[in-house]
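Using our numbering, read the sequence shown as starting at 2 and increasing by one per residue. No residue lacks a Cβ here, since even glycine has one placed at the ideal position from N, Cα and C.
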Amino acid sequence: ISKDIIVRYKSMTGYRAPYVPGWDTHGLPIEQKLTQAGYDRKKMSTNDFRKLCHDYALKQVERQKEEF
């Protein structure tokens with residue numbers, strides 16, 4: 002949200018401040034969501050857990066695209 006405010010403020014005050022949207026689909030929050038969904042990271046390989054995280058992230062990107 003602060004990125005939105007800063008970019009808009011700079012644009013309104015004459016700066017060239019292009020808005021480049023990004024995806025909030027990385028890191029610990031995804032791992033926590035999967036843990037809450039019942040996946041136990043200690044009972045699977047690192048690669049399998051990363052694949053779950055990757056798949057979850059892609060689903061969230063698609064969901065966010067629909068909301069744009």
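Query: Is the Cβ-Cβ distance between T26 and Q61 less than 8 Å?; Result: yes
Query: Measure from the C-beta of G23 to each C-beta in chain B and report whether the shortest distance is under 8 Å.; Result: No chain B is part of this structure, which consists of one protein chain only.
Query: Does the count of Cβ pairs from the stretch 11-26 and the stretch 51-67 closer than 8 Å reach three?; Result: yes
Query: Starting from S3, trace the alpha helix (DSSP H) both ways and give me its first and last residue.; Result: S3 to M13
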